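Visitor: Following this message is one structure expressed as C-alpha cells.
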Amino acid sequence: MKLNERSLAFYATCDSPADNAGFLYKRGERHTAYHRRWFVLKGNMLFYFEERDSREPVGVIVLEGCNVELCDSAEGFAFAIRFGGSKSRTYVLAAESQEAMESWVKSLSRASFDYMRLVVRELEKQLQEMRRGLA
Amino acid sequence: MKLNERSVAHYATCDSPADHAGFLRKRVERHHHHAHHHGTSYQRRWFVLKGNLLFYFEERESREPVGLVVLEGCTVELCEAAEEFAFAIRFDDAGARAYVLVADGQAAMEAWVKALSRASFDYMRLVVRELEKQLEEACKSLAACRKSPRRSSSSSGRKRHLSNPALLPLQEKPTTLENGYSTWGSGGCVAGGATCTDYDHDGGQTKPPPLPPRRRSAASSAAASPAPGLSPAMLESPVSPETICFSKLHNWYGQEIAVLRREWQERQKRGHP
C-alpha cells in the first residue's frame, strides 16, 4: 500500500504536542524477543523510533479500529493492540512500570477518530439539554 | 517506514461508515529527472475518506486500497491546473509531494474540499474546544436565570456538568479522564467513560462532583474543578439566556461556513502561487 511516508515522518517528529511518549518493549512478529523502542502517540498514529533522538520513525501503527487489552506475558506490564480482520497483526507491548502501562492503555484507548466523535456527540447532547433547561 | 498494513487495509474496507467517498482523478507525480516529462496525466481512482485516513482504490469494488494518504499536518486548497475542479492536498513539510485531485464537477469539488478540511485530529480538537466553550457559556446562562426551584435542583442534581472528567480536552493528563481501563474498543463500549453519567458508578478514581452552577460564585472551587478555563465565579449574563444559547450555536456553525467560503474565495483571487 502506498503511503505519504515523508509527510508522515515529518508529522511524527514536528513539534506538535504528543498525546503520550515513552519507552516500550515491542515484541517481534515472528520471534518472541522484545525490542526497546521510543514510542510517540499523536492522535491515532503510534510512531516508534529506534532511539529517543532518532530523526525518523522506524514504523507507525495506525490505531483506528483497534482494541487495547491487558495481556499475560512473562514480560510483565504487557498489553496488546488488536485489530479486526483475520490477517491483522497483534502488537504486544510492555511498559516498564504499572503506572506507565496504565497511562499507555488509557491514551491508546482514546486514540481514535471514533472516540473523538463520541466526545463531540456527547458535548452536543449536553448543549441541547442545557438549552432545554433554559427554555 | 513500517506500517500495520493488513489492519489498515481491513479498516479501509470494513463496514465502518465513510465520511466521504467518490471518484477523483489523481495527478500522476513524475520525478523531476525523468527524461521525457510531457504534460500531466491523471488516474481515475475510487477515494474513501474515513476520519483522517484517505484511501484510494483502483476500482470501486477493489478489495484492497492501492494507497493511503494520512491527513495530518496538511492543508487543502483549490488549485490552478489546466483542469477544472482541481484541488490539492499540501503538507507542512514543503518537500513532501502534494496530491492534486480533480473532481467531476463544482459540487463534488466543494464537497471534497469541505470534507478534507475537517479530516484531522486538530480539527476535531478545535470542535471539542468550541463545544466546551459553548457549554461553559450555557452554564453561565443557566446560573444567571431565575428558575423555579424544581428546575434548578434537577439541573444541579443531574450531575452532568461540563467539568465532567470524561469530556476534558484530550491533551489533558490521562489520569483525569475516564475511570478504569478495562477493554475498550475504539468506537464501542460507550457506557464507560464517554457518556458523562453519574459519578456514582465510577471506579472511585474520578474526582468528587463540582459544585452546581448557581453556587460556584460563592466559593473559589478551583481545587475541585478539573477543567481548565472554567472560572470558579460564574458571570451574570446581561442578555436573555435563551437567546445567548441558541444564537451562539447558530453563530458558531454559521462562522464555520463563512470561514470556509472566505478561504475558497481568497484562494481563487490569489490565483497562481
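Line by line, the protein sequences give chains A and B. End of the first sequence sits at 192 in this note's numbering; the numbers just go up one at a time, nothing left out. End of the second sequence sits at 288 in this note's numbering; the numbers just go up one at a time, nothing left out. Ideal Cβ placement from N, Cα and C applies to all residues, glycine included. Computed from a predicted structure; not experimentally measured.
Beta-carbon of Ala25/B versus every beta-carbon of chain A: anything under 8 Å?
Guide: Here residue 25/B refers to the residue found at position 10 of the second sequence. The displayed chain sequence assigns His, not Ala, to residue 25/B. The beta carbon of His25/B sits closer than 8 Å to some beta carbon of chain A.
Visitor: Going by DSSP, what residue range makes up the alpha helix (DSSP H) through Gly146/A?
Guide: For the purposes of this step, residue 146/A is taken as residue 89 along the first sequence, with counting starting at 1. At residue 146/A the sequence reads Arg, which differs from the Gly that was named. Segment: none, Arg146/A is in no alpha helix (DSSP H) and carries neither H nor E.
Visitor: Reducing DSSP to helix, strand and coil, say where Glu193/B ends up.
Guide: Working through the second sequence from its first residue, we reach residue 193/B at position 178. Residue confidence is low: Glu193/B scores 40 on pLDDT, short of 50, so the model does not pin down where it sits. No coordinate-derived value is stated.
Visitor: Note down the Cα distance separating Arg119/B from Ala126/B, rounded to an integer number of angstroms.
Guide: Residue 119/B sits at position 104 when you count from the first residue of the second sequence. Residue 126/B sits at position 111 when you count from the first residue of the second sequence. The sequence shown places Asp at residue 119/B, not Arg. Cα to Cα, Asp119/B sits roughly 11 Å from Ala126/B.
Visitor: Under 8 Å between C-beta atoms, does Cys29/B make it to chain A?
Guide: Translated into positions along the second sequence, residue 29/B becomes position 14. Yes, because at least one Cβ of chain A sits closer than 8 Å to the Cβ of Cys29/B.
Visitor: Give a yes or no on whether 8 Å exceeds the smallest Cβ distance from Cys71/A to chain B.
Guide: In the first sequence, counting from the first residue as 1, residue 71/A sits at position 14. With 8 Å as the cut-off, Cys71/A counts as an interface residue toward chain B.
Visitor: Residues in its own chain within less than 7 Å of Ala24/B by CB, not counting five upstream and five downstream?
Guide: Within the second sequence, residue 24/B is the residue found at index 9, counting from 1. Excluding sequence neighbours, Ala24/B sits near Glu79, Pro80.
Visitor: Thinking Phe140/A and Gly122/A are a contact (beta carbons under 8 Å), I'd like their distance in whole angstroms, please.
Guide: Residue mapping note: residue 140/A aligns to position 83 of the first sequence, counting from 1. Residue mapping note: residue 122/A aligns to position 65 of the first sequence, counting from 1. Going by Cβ atoms, the distance from Phe140/A to Gly122/A rounds to 6 Å, so yes, they are a contact pair.
Visitor: Mind listing which residues of the segment 108–128 of chain B have their C-beta closer than 9 Å to chain A's C-betas, in chain order?
Guide: Asp108, Gly110, Ala111, Arg112, Tyr114
Visitor: Under 8 Å, Cβ to Cβ, is there at least one residue of chain A near Asn19/B?
Guide: As a first step, residue 19/B must be located in the second sequence, where it is residue number 4. It does; some Cβ of chain A falls within 8 Å.
Visitor: So with CB distances below 9 Å, who are the chain C contacts of Leu68/B?
Guide: Among the chains of the structure shown, chain C does not appear; the protein chains present are A and B.
Visitor: According to the Cβ coordinates, are Glu44/B and Arg112/B closer than 8 Å?
Guide: Along the second sequence, one-based indexing puts residue 44/B at 29. Along the second sequence, one-based indexing puts residue 112/B at 97. Yes. Within cutoff.
Visitor: At the level of alpha carbons, what is the spacing between Glu92/B and Leu175/A?
Guide: In the second sequence, the residue the question calls residue 92/B occupies position 77. In the first sequence, the residue the question calls residue 175/A occupies position 118. Put simply, the backbone Cα of Glu92/B is about 29 Å away from that of Leu175/A.
Visitor: May I have the straight-line CA-CA distance separating Ser154/A from Ala135/A, to the nearest angstrom?
Guide: To locate residue 154/A, count along the first sequence from 1; it is residue 97. To locate residue 135/A, count along the first sequence from 1; it is residue 78. If you take the alpha carbons of Ser154/A and Ala135/A, they lie about 10 Å apart.
Visitor: By DSSP, does Phe100/B sit in helix, in strand, or in coil?
Guide: If you number the second sequence from 1, residue 100/B lands on position 85. Coil, per DSSP.
Visitor: Are three or more beta carbon pairs between the segment 148–162 of chain B and the segment 52–70 of chain B nearer than 8 Å?
Guide: no
Visitor: Please check if any C-beta of chain A sits within less than 8 Å of the C-beta of Phe106/B.
Guide: In the second sequence, counting from the first residue as 1, residue 106/B sits at position 91. Yes, Phe106/B lies at the interface with chain A (some Cβ there is under 8 Å from its Cβ).
Visitor: Roughly how many angstroms lie between the CA atoms of Leu60/A and Lys17/B, to the nearest whole one?
Guide: Reading the first sequence from its first residue, position 3 is the one you call residue 60/A. Reading the second sequence from its first residue, position 2 is the one you call residue 17/B. Whole-angstrom Cα-Cα distance: 10 Å.
Visitor: Compare the C-alpha of Gly133/A against each of Arg188/A, Asn101/A, Lys99/A, Met158/A and name the closest.
Guide: On the first sequence, position 76 is the one that residue 133/A refers to. Of the candidates Arg188/A, Asn101/A, Lys99/A, Met158/A, the one whose C-alpha sits nearest the C-alpha of Gly133/A is Met158/A.
Visitor: Less than 8 Å between the CB atoms is what I'm expecting for Phe106/A and Asp108/B, so what's the real figure, rounded?
Guide: The residue given as residue 106/A occupies position 49 in the first sequence. The residue given as residue 108/B occupies position 93 in the second sequence. The pair is not a contact, with the Cβ atoms about 17 Å apart (cut-off 8 Å).
Visitor: Do we get a CB-CB distance below 8 Å when we pair Arg146/A with the residues of chain B?
Guide: Residue mapping note: residue 146/A aligns to position 89 of the first sequence, counting from 1. Chain B, which has a Cβ nearer than 8 Å to the Cβ of Arg146/A, makes this yes.
Visitor: Would the C-beta of Val176/A count as close to the ligand FMN, meaning under 7 Å from any of its heavy atoms?
Guide: For the ligand FMN, the structure offers nothing, since it holds no ligand at all.
Visitor: Identify the residues that DSSP records as bridge partners of Thr28/B: which are they?
Guide: Locating residue 28/B in the second sequence gives position 13, counting from the first residue. DSSP, once it has assigned bridges, lists no residue as partnering Thr28/B.
Visitor: Put Cys154/B into one of helix, strand or coil per three-state DSSP.
Guide: Numbered from its first residue, the second sequence carries residue 154/B at position 139. The answer is helix: DSSP assigns Cys154/B an H, G or I state.
Visitor: Where do the ends of the alpha helix (DSSP H) carrying Met102/A lie?
Guide: Start at 1 with the first residue of the first sequence, and residue 102/A comes out as number 45. Element bounds for Met102/A: not the alpha helix (DSSP H) but the beta strand (DSSP E), 102–106.
Visitor: For Val149/A and Gly85/A, what's the separation of their Cα atoms in angstroms?
Guide: Within the first sequence, numbered from 1, the residue matching residue 149/A stands at position 92. Within the first sequence, numbered from 1, the residue matching residue 85/A stands at position 28. About 8 Å.
Visitor: Counting contacts by CB-CB distance shorter than 8 Å, is Cys94/B in contact with chain A?
Guide: Looking up residue 94/B in the second sequence gives position 79. No - not a single Cβ of chain A is within 8 Å of the one on Cys94/B.
Visitor: Identify the contact partners of Leu141/B in chain A, using a Cβ-Cβ distance below 9 Å as the criterion.
Guide: Indexing the second sequence from 1 puts residue 141/B at position 126. What Leu141/B touches in chain A: nothing, since even the nearest Cβ is about 11 Å away.
Visitor: Measure the C-alpha to C-alpha separation of Ala122/B and Ala36/B and round it to an integer number of angstroms.
Guide: Counted from its first residue, the second sequence places residue 122/B at position 107. Counted from its first residue, the second sequence places residue 36/B at position 21. Answer to the nearest angstrom: the Cα atoms are 14 Å apart.
Visitor: Per DSSP, what kind of secondary structure is Gly82/B in: helix, strand or coil?
Guide: As a working mapping, residue 82/B is identified with position 67 in the second sequence. The answer is strand: DSSP assigns Gly82/B an E or B state.
Visitor: Can you give the Cα-Cα distance for Val119/A and Arg40/B, rounded to whole angstroms?
Guide: Residue mapping note: residue 119/A aligns to position 62 of the first sequence, counting from 1. Residue mapping note: residue 40/B aligns to position 25 of the second sequence, counting from 1. Between Val119/A and Arg40/B, the C-alpha separation is close to 26 Å.
Visitor: Just verifying my parser: in three-state terms, what is the DSSP assignment at Arg109/A?
Guide: Here residue 109/A is taken as the residue at index 52 of the first sequence, counted from 1. Arg109/A falls in the coil class under three-state DSSP.
Visitor: Which residues bound the alpha helix (DSSP H) around Glu62/A?
Guide: As a position in the first sequence, residue 62/A is number 5, starting the count at 1. 62–70 is the span of the alpha helix (DSSP H), which, as asked, contains Glu62/A.
Visitor: Note down, in chain order, every chain A residue with its Cβ under 9 Å from the Cβ of Phe102/B.
Guide: Working through the second sequence from its first residue, we reach residue 102/B at position 87. Correct list: empty, because the minimum Cβ distance to chain A is about 16 Å.
Visitor: How far does the alpha helix (DSSP H) with Ala122/B in it extend, from its first residue to its last?
Guide: In the second sequence, counting from the first residue as 1, residue 122/B sits at position 107. Its alpha helix (DSSP H) spans residues 121–132.
Visitor: Straight-line CA distance for Asn77/A to Leu184/A?
Guide: Residue numbering aside, residue 77/A sits at position 20 when the first sequence is read from its first letter. Residue numbering aside, residue 184/A sits at position 127 when the first sequence is read from its first letter. So the alpha carbons of these two residues sit roughly 30 Å apart.
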